[in-house]
Amino acid sequence: SFFVTGLATAVLGHNLGIDRREILDMDEQAAFILFSQVLQTITGLGTINLVTTKYQPLPSDMFVYDFRKPFDLQRGWLLWSGIGILCAGGAVVLTSIIVSSVNGELPPREDNDALSQLLPLIGVSPLSTASLIVVTGALAPLLEETVFRGFLLTSLTKRLPVPVAVVLSAAAFALAHLTPGEFPQLFALGIVIGFAYSKTHNMLTPILIHATWNSGVVVALTALSV
């Protein structure tokens, strides 16, 4: 659903002449990106709810939000979030090194990459900064983790071994970003998030990892652009 919504938003913006950066000022660009992400999030979560309604009651391990026992060694959501964040950094760096050694260099960030679109908005105004924080740190992690871990991964584990389900959901996660040059890194990130989620079966874990990762990438890109 969020593929269709994102496409529809882009087409709408094109038809209205507002998808061209030279037409909009920074605050207007930020508002448009925020509007697009809000629309995708509402549509995506609504579709998931519609699809799962007929299967009520849902399995006890689907769409769980549990703040209890954050540091439990077996299922502590905060503990495994921390482990996942550390592993994600290592996995993505290792993947980037491998890609660079094979291709000779890392491919440039693509124009349709969400973070590349948001980077020029950082620090321009309170509105643009707030939009960036909401999109990367809240809406995108909530939507993507609900779809790819809460729904897809959990559903796949009912029929497939967990490692296979994690790999398939990670591949879908990477493909959904529509940035082929960054597929290896996104796939590696999806693998780490998937295994962390499979340890806790708690949506807080993948959402926190994803939100922290996005925030870290934004900070790194900001530092590199200075």
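So our numbering is basically just the index in the sequence shown, starting at one, shifted up by 1.
Note that CB positions come from ideal geometry on N, CA and C, so glycine has one too.
Residue i, enclosing alpha helix (DSSP H) - first and last residue
i	result
D62	First-last for D62: undefined, no H or E at that position.
S272	As shown, the chain starts at 2 and ends at 227. That puts residue 272 outside it, with no answer to give.
Q30	27-54
G191	184-201
V93	78-104
F72	Looking at the DSSP string, F72 is not in any alpha helix (DSSP H), and its letter there is neither H nor E.
L144	141-146
F174	163-177
Check whether residue i and residue j have beta carbons under 8 Å apart
i	j	result
L46	L144	yes
S170	M27	no
L140	Q38	yes
I34	V136	yes
V168	I192	yes
I208	P121	no
L161	G195	no
Supposed close pair residue i, residue j - CB separation, criterion 8 Å
i	j	result
I84	A166	Between A166 and I84 the Cβ distance is about 19 Å, and since that is not below 8 Å, they are no contact.
A212	G138	5 Å
L133	V219	7 Å
I210	I99	Contact doesn't hold; Cβ gap of about 22 Å is too wide.
A131	W214	Going by Cβ atoms, the distance from A131 to W214 rounds to 20 Å, so no, they are not a contact pair.
Proximity test, residue i beta-carbon vs the ligand GTP heavy atom, cut-off 7 Å
i	result
A89	The ligand GTP is absent from the structure shown, which contains no ligands of any kind.
If you pair each beta-carbon of the stretch 175-189 with each one of the stretch 65-82, do three or more pairs fall below 8 Å? no
How about the stretch 196-204 and the stretch 62-72: do they share at least three Cβ pairs that are nearer than 8 Å? yes
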